[in-house]
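Residue numbers (my numbering), protein chains in the order written: chain A, 1 to 590; chain B, 1 to 392; chain C, 1 to 370.
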């Protein structure tokens, strides 16, 4: 009997193990709909209940609109408000320092609010708390310190008009030896200030608060621009802080006509951006257009300039870069001198310069430093590399499939004998090799640095060689693919290189479909798309690229003493950059 | 749900790309590079029953695995009896494992027998074929074309096509042949100013030879499209001089100074020959003024001695006049040979005669090519001795 | 709607490409077969006449700035003439471009793509044309500048490659088949310049109305030089040019070049440039047809017409059975419809309009033009 029950228990156990239900205590977490979002029916036509028309929208909260909240006179109310608004009970780095302020022998309650880590402790201690809390000559009062406005003496009675004591004015003018102080009465402005690293001073019986500049957060020091390496030129690059970047530009331009407008983007992040231009050179409409586009973005947050670039560019589908993104202040300055507009985003070391035309992406940052012969030589090389990186595999496909008579006979036999043992048709070979090359490229960026360099050697050499030895691909294809890759690396602009990498696949397919006819169709459509593109009102592939223009940014650069005009397409206010004879020491006019 | 419409777009795009990729393996490109057999040389013979015998010569690479350099090649010759060129190519396609492609054909060999019967049909067919390379050199061989192709093996090269290309370029320094391409042959055969020629090939008859090989020496003379005769090496040199095709060549003239039998000279044309045609009573009187630069290459021990020194003024004049005589004699012989024996104007004197006629109808009525055999020639050669080699 | 304003260079390229795109295929052949060895003389003769006619046309156009032939027809004969001319022009442009398209596609089908069906090749051209016309006139005109320059350069290289083989005596006998054939019946060879019909449609598209004279004269000049060079090089290089009619004489010209021992058979590269220029020509024809439709139907947005016109072109291009029919039809339409329209009827309309304009001016009437 006991055995039976024991067996039954065992059976039950085994059955339970086989057919068990899910343990209800298993940890499971899925994200459900929040209570803050609502479903909106966007259908405009007849079927009201088609599912595809429903979209999620942010619920407009019925909570308090904080834009009209002003500072209260009572300090306790202010303190409560700040604690609630900044969640200081939960936030570990919001600090509130309450103290007693001495002014004119009177004592006021006051408190400071700041974010730990973003402020400079020394500044706050020595220049805010010290003068306000300790007794010093500015603090103490004797009757002679009233400021006399006017004095009238009649019959031994002097009537003095005395300036009424205004504590606000007193504190900001006499007590706080700090270089930037703003007085705010709205809580929104104060909150913005605190968020960006300032500290706010609240004083009892006063209905404004002081926003004091004490920023002192850690940031990267000025370093080399990592991705735009040149041989001869300045080696300093932008950092993530907006103020540092603008100071770098100011140093190059050195002129009071440089205007740096400040703009905030993003409803929640309120990222500060700056629009820079030379007031007496840049076209007014261009600046207005830039301002218009940036001010009319309704997004929640903005993190980097790459995101901003995608939001304000003209057309998305051609996948071509329509703005120059540069890390170098000298390049930015020379572009600003040309009449363009620069956009700096706080938190991103890349500065966007608009407008941009096609020939800007072929230029390296060094073209202005070197002699024009070297620059032109390098530009010609780059243009040839551009053509190869786009078309070489496609033309190889077209020739081997349809136009074999173009190949010299000896090369033909080399190709045939190399392809004897390869099982795949040419198209698959090329696609396999191109895909593996792209994978190697991507892997070498993502891999952790100790083994980073080995990926290049492993991937390119050994994989390629092994693939040839294993007869998966033919050796001439390795040469073509690696030559194409080298050509695509020599394109100075990263985005343009990417664009060509994608287009290359399309050309390979076209070449395999119809030989030279397909490639011609591809080139025709590509040219039409390029010609249709406009970057901030300037046509992308305008005719100015062909002219040997005297502005230094056509396809061919003119010598430095010949760059008399600014770019014609920018329609600047000041068209001439140099006199006709700029080297007055050489050609003296008698 | 909301993203589904976007997903649909992406799906359709991928589907389209897949369809495109897989439709590429459809037979729209049967001409894949490794599915073709590239013919290097084409040969035409008279076959059995007076039909055509078509031969093709292919080159097969023997590759070592891994595609390393240093391939060796093997030549394959196939031949078939057929009634026309295209039928022959179809028959060969069924025999050879790949499809025949003529776009790299370097040489077209026609046997003597076939050429005497007239080859205009074959030339027109080949020229009409867009796949046939128009650069192919024309060779008329005295042995059957099949044998000619069989014994053509590259000695100093590894690739057959390079062998053909190099051996036919020898006319630039020997002038024993003229490299005539298919398009030039075709153009000449329909031309009313001139008649076509082709390279004459045969088996080499040098006594000491390890392997048989072909020799290309001389020209085959055609009249319209039939072979009527041949020229030997010296006559070819004369032809090249008269038709302004000479680059440079070596001749041996009898030595007027007596220190040796012959003097060797390298001659080049100074200017273009001035050829002129006068039509008197319907008979062409052809005159030709030739200016030649010569360079002495042979020397003997006596030639350094004063009396027989080649470079003294009197001796130079003697040598020059000897050269003039020699060339004049040979050129006149050659011209009368082509005119009287072959009745074929291969030098193209017709273009100097055409200026007397104002319309094409008149010119065709006169019919220059038929009147050529009545011509009377007058040749004047002027040699200038330019230099020698290191002895002076 | 984008306002399509062409600059001078774009106008030159527009007129040039419509005129010379057939050069690579067929035009010199017609001159050679009909005139024999006097082709060069004939070519020079018709070039001079064309230049003169173009000069006169441009002069007549001076009184009607910014209006093309349809507006002039409306001015002359009110709506009836406007619609008549518009419809004739539309049909002519559509039919000739589809016949040319079929001709060109047949040529490259014979040369390279023997196994692919014709419609597969036609679709490439039509799809490119549809995409181009969706993007608008400005980008078509700008692309055309680049492609036209490529075409002209490749033609010049093709001509210069044959220089070593030239025999000048092939131009003799100087009068060819006789004076009558060279100068009188040879006058019909002026159909080589039928593409100049586009000159009547160009004026409203120009940025600056003074450009019309300059750009049309330059374009005609370059076109005539190219025609003369083409005829000369084909005639002087080979002896069979005048007896045998080939599918593309210029292609034959290229197969004789001697660019070097290792760079053999570069004809495919030249055909590649011809394909590019032909695509540009097709884009422009569609653009002009769409502009005519827009004008006749008084429609602002031309995009729906793009697909319609291209499908009509595709259908007309599929209709003929084989290339012989295409050539025959093409020659017939060029010689008996195109040449009279371009060189006789339109100038007459312009001349009458000019008379009417002068009459109005002398009567001090206020003439309002579109």
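Each residue gets a CB set at the ideal place from its N, CA and C atoms; glycine is no exception.
None of these values were measured; they are calculated from a predicted model.
- Taking residue 323(A) as part of the beta strand (DSSP E), name the residues at either end of that continuous run. No beta strand (DSSP E) contains residue 323(A), which DSSP labels as neither H nor E.
- Query: Exposed or buried, which one is residue 268(C) when buried takes at least 16 other CB atoms within 10 Å?
  - Reply: That one is buried.
- Simplified DSSP state of residue 259(B), which is helix, strand or coil: Residue 259(B) sits in coil when the DSSP states are folded into three classes, being neither helix nor strand.
- Cross-chain neighbours of residue 268(C) in chain B, by beta carbon under 9 angstroms: What residue 268(C) touches in chain B: nothing, since even the nearest Cβ is about 10 angstroms away.
- Message: Give me the residue from 342(C), 151(C), 74(C) and 287(C) with the minimum Cα distance to residue 191(C).
- Response: Checking every option, the nearest Cα to that of residue 191(C) belongs to 342(C).
- Would you say residue 155(B) faces chain A, with C-beta separation under 9 angstroms as the test? No, residue 155(B) lies away from the interface with chain A (no Cβ there is under 9 angstroms from its Cβ).
- If you run the structure through DSSP and keep just helix, strand and coil, what is residue 605(A)? Outside the displayed range of chain A (1 to 590) lies residue 605(A), so it cannot be described from this structure.
- Task: Using only alpha-carbon positions, find the residue among 161(B), 219(B), 109(B) and 119(B) that is nearest to residue 412(A).
- Result: Minimum Cα distance to residue 412(A) is reached at 161(B).
- Message: Can you list, in chain order, the residues of its chain with a C-beta nearer than 6 angstroms to that of residue 364(A)? Leave out the 5 residues immediately preceding and following it.
- Response: So the qualifying residues of the chain are 492.
- Item | Assigned secondary structure, residue 271(B) (DSSP; H/G/I helix, E/B strand, else coil) | Here residue 271(B) sits in coil by DSSP.
- Residues near residue 268(B) by beta carbon distance below 6 angstroms, same chain, minus five either side: By the criterion of a C-beta distance shorter than 6 angstroms, residue 268(B) is surrounded in its chain by 248 and 293, once the five residues flanking it on both sides are discounted.
- Query: In chain C, which residues lie less than 8 angstroms from residue 190(B) when you measure between Cβ atoms?
  - Reply: What residue 190(B) touches in chain C: 239, 240, 243 and 244.
- Query: What residues from the stretch 140-153 of chain C come within 8 angstroms of chain A, judged by C-beta to C-beta, listed N to C?
  - Reply: Shown in chain order are the members of the stretch 140-153 of chain C whose Cβ falls below 8 angstroms from a Cβ of chain A: 140, 142, 143, 145, 146 and 147.
- Query: Quick one: what does DSSP say residue 284(A) is sitting in, helix, strand or coil?
  - Reply: In the structure shown, residue 284(A) falls within a helical segment according to DSSP collapsed to helix, strand and coil.
- Item | Between the CA atoms of residue 541(A) and residue 483(A) - distance to the nearest angstrom | Roughly 27 angstroms separates the two Cα atoms.
- Message: Contact defined as beta carbons within less than 8 angstroms: I believe residue 162(C) pairs with residue 233(C). What is the distance between those atoms, to the nearest angstrom?
- Response: Confirmed, about 5 angstroms.
- Query: Is the CB-CB distance between residue 396(A) and residue 511(A) below 9 angstroms?
  - Reply: Yes, the pair counts as a contact, with Cβ atoms nearer than the cut-off.
- Query: Less than 9 angstroms separating the beta-carbons of residue 379(B) and residue 323(B)?
  - Reply: If you check the CB distance, residue 379(B) and residue 323(B) do not come in under 9 angstroms.
- From the DSSP output, which residues share a beta bridge with residue 284(B)? Paired residue(s): 279(B).
- Query: Since residue 279(C) meets chain A, which of its residues come closer than 8 angstroms, beta carbon to beta carbon?
  - Reply: Against chain A, the beta carbon of residue 279(C) has neighbours under 8 angstroms at 520, 521 and 524, listed in chain order.
- Item | Reference residue 290(A); option with closest CA among 527(A), 564(A) and 535(A) | When only C-alpha atoms are compared, the closest one is 535(A).
- Message: Using a 10 Å radius around the Cβ and a threshold of 16 neighbouring Cβ atoms, would you call residue 559(A) buried or exposed?
- Response: Burial call: exposed.
- Query: Just how far apart, CA to CA, sit residue 327(C) and residue 456(A)?
  - Reply: Taking the straight line from one Cα to the other gives about 59 angstroms.
- Just checking, does the stretch 332-351 of chain B make contact with the stretch 301-313 of chain B on the three C-beta pairs under 8 angstroms criterion? No, they do not touch.
- Query: Around the C-beta of residue 17(C), are 16 or more other C-beta atoms found within 10 angstroms, so that it is buried, or is it exposed?
  - Reply: Per the 10 Å Cβ criterion, buried.
- Task: Taking C-beta pairs closer than 8 angstroms, name the residues in chain B that residue 169(C) reaches, listed in chain order.
- Result: What residue 169(C) touches in chain B: 193, 351, 352, 354 and 355.
- Are there 16 or more other CB atoms within 10 angstroms of the CB of residue 264(C), so buried, or fewer, so exposed? Answer is buried; the Cβ neighbour count reaches 16.
- For residue 393(A), I'd like the list of residues in its chain whose CB is within less than 8 angstroms of its CB, leaving aside the five on either flank, ordered along the chain. Closer than 8 angstroms at Cβ, skipping near neighbours: 430, 434, 480, 481, 484, 504, 507, 508 and 511.
- Message: What does the Cβ neighbour count give for residue 403(A), buried or exposed, with the cut at 16 atoms within 10 Å?
- Response: Buried is the call here.
- Message: Taking 9 angstroms as the threshold (C-beta atoms), are residue 387(B) and residue 296(B) in contact?
- Response: Against a cut-off of 9 angstroms, the Cβ pair of residue 387(B) and residue 296(B) comes out as a contact.
- Message: If contacts are defined as beta-carbon pairs under 8 angstroms, then residue 273(A) and residue 287(A) qualify, I think. What distance do you get, rounded to the angstrom?
- Response: Not a contact, Cβ separation roughly 14 angstroms.
- Message: Tell me whether the stretch 11-21 of chain B and the stretch 74-84 of chain B touch, counting them as touching only if at least three CB pairs, one residue from each stretch, are closer than 8 angstroms.
- Response: In this structure the stretch 11-21 of chain B does not lie against the stretch 74-84 of chain B, because fewer than three pairs of beta carbons, one per stretch, are closer than 8 angstroms.
- Message: For a test of the three-state rule: what should DSSP assign to residue 51(B), helix, strand or coil?
- Response: In the structure shown, residue 51(B) sits in coil (DSSP, three-state: anything other than H, G, I, E or B).
- Message: Assess contact between the stretch 69-89 of chain A and the stretch 199-215 of chain A, defined as three or more Cβ pairs (one per stretch) separated by less than 8 angstroms. Is contact present?
- Response: The stretch 69-89 of chain A is in contact with the stretch 199-215 of chain A.
- Tell me, please, which residues DSSP counts as bridged to residue 576(A). Answer is 565(A), bridged to residue 576(A).
- Query: Name the chain A residues that come within less than 9 angstroms of residue 121(C), Cβ to Cβ?
  - Reply: Residues of chain A with a Cβ closer than 9 angstroms to the Cβ of residue 121(C) are, in chain order, 514 and 517.
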